[in-house]
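Data block below; observations after.
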Amino acid sequence: MRIDLGSVKKEAKHLEETFDPELPEVEGATAFQGEIIEISGGYELTGFLDGMYRLNCSRCLESFTQPFHLPVRLILKPRPEFVEPERDLAADELDLLFYDDHIIDIGKILRDEIVVNMPLKPVCDLKCRGLCPQCGQNLNKKECSCEREADGGAWSALKSIKKAIYGGE
Ligand SMILES: [Zn+2]
Ligand SMILES: [Zn+2]
């Protein structure tokens, strides 16, 4: 999915591509719909990425799929000859990409967008009960017979503090 920036003018060029980002966390093809337009000093790439994540739940460790719909907005500028190393990255420059060649690989750029937007702590379901901390049983599938405290750590800690301060129950 290469684009010759020289062919991009001030009138938006519509892009519609289906590609394989070749990431283990992405299942099947990803679709991109958007446009690229010439702006002062560079180009702006906007659109949406639609596809399917294949992730491992951070609670129960099971593999699951989750669709994604990611907005994309990137500014592309030719790489400056000199970049002061200590230059602060202004907030509006975070989505700035430098290109070395006027022929750019959009697939690679979009692939990076999928990577940076990947959920850090994916959960298969908001109600996922995870694994038993004692025996490792997946509690979504089956109960285990381990003893569990009726009320969890933080609450009972608070309760005992309260008890210490006010006394009694
Ligand atoms: Zn889970
Ligand atoms: Zn258990």
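Each residue of the sequence shown is one higher than the one before, starting from -7 at the first, in our numbering. Note that CB positions come from ideal geometry on N, CA and C, so glycine has one too. Here the structure is a predicted model, which is why all the values come from computation and not from measurement.
Does DSSP classify Thr10 as helix, strand or coil? Looking at Thr10 - three-state DSSP - the assignment turns out to be strand.
Go ahead and label Glu105 buried or exposed: buried means 16 or more other beta carbons lie within 10 angstroms of its beta carbon, across all protein chains shown. Counting Cβ neighbours within 10 Å, Glu105 comes out buried, since at least 16 surround it.
Within its chain, find whatever has a CB closer than 7 Å to the CB of Cys124; leave out the 5 residues flanking it on each side and keep chain order. So the list reads Leu131, Cys136, Cys138, once near-sequence residues are dropped.
Provide the residue(s) that pair with Glu36 in DSSP beta bridges, ordered along the chain. Residue pairing by DSSP puts Glu36 in a beta bridge opposite Ile29, Ile67.
Rounded to whole angstroms, what's the CA-CA distance from Met(-7) to Glu30? Just pull it up for me. Counting only the Cα atoms, Glu30 lies some 18 Å from Met(-7).
With Ile(-5) and Ile98 assumed to form a contact (beta carbons below 8 Å), what rounded beta-carbon distance in angstroms separates them? Correct: roughly 6 Å between the Cβ atoms.
Could you tell me if the beta carbon of Gln58 falls within a distance shorter than 7 Å of some heavy atom in ligand 2? Outside the cutoff, so no.
For Lys124, verify whether its CB is less than 7 Å away from any heavy atom of ligand 2. Before going further, note that residue 124 is Cys rather than Lys in the sequence given. Correct: Cys124 has its Cβ closer than 7 Å to ligand 2.
Starting from Arg103, trace the alpha helix (DSSP H) in both directions and tell me its first and last residue. DSSP places Arg103 inside the alpha helix (DSSP H), whose first and last residues are 98 to 108.
Please state the DSSP three-state secondary structure of Leu(-3). Helix, per DSSP.
What does a CB cutoff of less than 7 Å around Thr57 pick up in its chain, not counting 5 residues either side in sequence? Glu19, Met44, Tyr45, Arg46.
Would Cys127 be called buried (16 or more neighbouring beta carbons within 10 Å of its own) or exposed? Result: exposed.
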